[in-house]
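Under our numbering, the first residue of the sequence shown carries the number 39, and numbering increases by one thereafter. The structure under discussion appears below in the form of structure tokens.
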Amino acid sequence: LAVNEEGAVSNGNLYYFSWAGLICAVTLLTSYLKSAFTIDIAGEIKTRSARLSIWSAHLAAAIVVMGSSTNIYKNDCVQSYVGDEFCKRTKLGIGLGAVGTVF
Numbered sequence: 039l040a041v042n043e044e045g046a047v048s049n050g051n052l053y054y055f056s057w058a059g060l061i062c063a064v065t066l067l068t069s070y071l072k073s074a075f076t077i078d079i080a081g082e083i084k085t086r087s088a089r090l091s092i093w094s095a096h097l098a099a100a101i102v103v104m105g106s107s108t109n110i111y112k113n114d115c116v117q118s119y120v121g122d123e124f125c126k127r128t129k130l131g132i133g134l135g136a137v138g139t140v141f
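Here it is as structure tokens:
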């Protein structure tokens, strides 16, 4: 979806925000695992704002992925049919963006 048949980036938002979403998810998982296995209430109070900003970045990245994929699906799969594999990947992008937005 984000790269064309030659490997060049054709949709920068979808490409870079997908990577940003992955980085945010890994950072959140690491933060959760640290807090789940070591209970530090004072540390949690100090880092609550940092965790909130990471969740906000993850939400923004998921919304951009979902919106870009929906736009591509509408333009390339509904109005002018491109192909099965391309449309399946676009639907996957919409689904992953929606799941990332909800969770």
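All C-beta atoms, glycine included, are put in the ideal place defined by N, C-alpha and C.
I want to know whether the segment 88-98 touches the segment 122-130 - three or more CB-CB distances under 8 Å. The answer is no - the segment 122-130 does not touch the segment 88-98, with fewer than three Cβ pairs under 8 Å.
Burial state of V140, where buried means 16 or more other Cβ atoms lie within 10 Å: The residue is exposed, with fewer than 16 neighbouring Cβ atoms inside 10 Å.
Determine the extent of the alpha helix (DSSP H) in which F141 is found, giving its start and end residues. Unbroken run through F141: none, as it is neither H nor E.
Following a CB-centred definition, is W93 positioned closer than 7 Å to any heavy atom of the ligand MG? This structure lacks the ligand MG, and indeed carries no ligand of any kind.
If G135 sits next to M104, beta carbons under 8 Å apart, how far is it from one beta carbon to the other, in whole angstroms? The beta-carbon distance between G135 and M104, rounded to whole angstroms, is 3 Å. This is short enough to meet the 8 Å contact definition.
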